[in-house]
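*Asks:* This is the structure, below, for whatever I ask next.
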Amino acid sequence: MSRLQQLIAFLEASPGDSFLLFAVAKEYEGLGEEEQAFRYYREIMEKDPAYVGLYYHLGKWYERQKRFQEAFHTYRRGMDIAKQAKDEHAYSELAAAKMGLGDDEDFA
Numbered sequence: 166m167s168r169l170q171q172l173i174a175f176l177e178a179s180p181g182d183s184f185l186l187f188a189v190a191k192e193y194e195g196l197g198e199e200e201q202a203f204r205y206y207r208e209i210m211e212k213d214p215a216y217v218g219l220y221y222h223l224g225k226w227y228e229r230q231k232r233f234q235e236a237f238h239t240y241r242r243g244m245d246i247a248k249q250a251k252d253e254h255a256y257s258e259l260a261a262a263k264m265g266l267g268d269d270e271d272f273a
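Residue numbers (the working numbering): 166 to 273.
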């Protein structure tokens with residue numbers, strides 16, 4: 166059984182588990198299956214928008230798709246979530262990623 170198959174089996178036993186959804190998304194990314202990864206990222210966004218770990222990786226997904234405005238706004242939203250969660254590490258990673266795309270006025 167592959168790692169992806171194992172993760173999906175775990176997810177079937179615990180549907181909606183954000184960590185497992187995230188792990189499946191990352192596994193699909195590693196396999197080059199970008200649309201499948203996006204599907205799982207979106208599911209986390211819908212079910213658990215407070216899952217801080219989502220925003221950096223979803224933003225990077227948008228960057229790979231050349232969807233820079235969506236990446237920028239994803240990072241900004243993630244910064245808000247990280248601030249609320251008092252997660253300084255996530256906040257600084259998201260801020261650096263956002264700055265790498267440009268200034269706020271570039272994406273107003």
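Glycine included, C-beta positions come from ideal geometry on N, C-alpha and C. Bear in mind the structure is a predicted one, so any value in this text is a computation, not a measurement.
Tell me the rounded alpha-carbon separation between tyrosine 285 and glycine 243.
*Replies:* Residue 285 is absent from the model: the chain starts at 166 and stops at 273.
*Asks:* Starting from the Cα of alanine 261, find the closest Cα among Arg241, Lys251 and Leu219 and give me that residue.
*Replies:* Among Arg241, Lys251 and Leu219, the Cα nearest to that of alanine 261 is on Arg241.
*Asks:* If you drop the 5 nearest sequence neighbours on each side, which residues of the same chain put their C-beta closer than 7 Å to that of alanine 236?
*Replies:* Gly224, Tyr227, Glu228 and Leu266
*Asks:* Exposed or buried, which one is glutamate 199 when buried takes at least 16 other CB atoms within 10 Å?
*Replies:* exposed
*Asks:* Going by DSSP, what residue range makes up the alpha helix (DSSP H) through leucine 172?
*Replies:* 168-178
*Asks:* Just the Cα atoms here: how many angstroms apart are lysine 248 and glutamate 258?
*Replies:* Each residue's CA atom was taken as its position, placing lysine 248 and glutamate 258 some 12 Å apart.
*Asks:* Which complete alpha helix (DSSP H) runs does the segment 202-267 hold, if anything under 4 residues is left out?
*Replies:* 218-229, 233-250 and 253-266
*Asks:* Start and end of the alpha helix (DSSP H) containing glutamate 194?
*Replies:* For glutamate 194, the uninterrupted alpha helix (DSSP H) run begins and ends at 183-195, by DSSP.
*Asks:* Measuring alpha carbon to alpha carbon, tell me which of Ser183, Ala190, Phe184 and Met210 ends up nearest glutamine 201.
*Replies:* Ala190
*Asks:* If you draw a straight line from the C-alpha of glycine 218 to the C-alpha of methionine 166, how long is it?
*Replies:* 27 Å
*Asks:* Identify, in the order they occur along the chain, each residue of the same chain with its Cβ nearer than 7 Å to the Cβ of tyrosine 220, setting aside the five sequence neighbours on each side.
*Replies:* Residues Thr239, Tyr240, Arg242, Gly243, Ile246 and Leu259 of the same chain have their beta carbon placed closer than 7 Å to that of tyrosine 220, with the five preceding and five following residues left out of the count.
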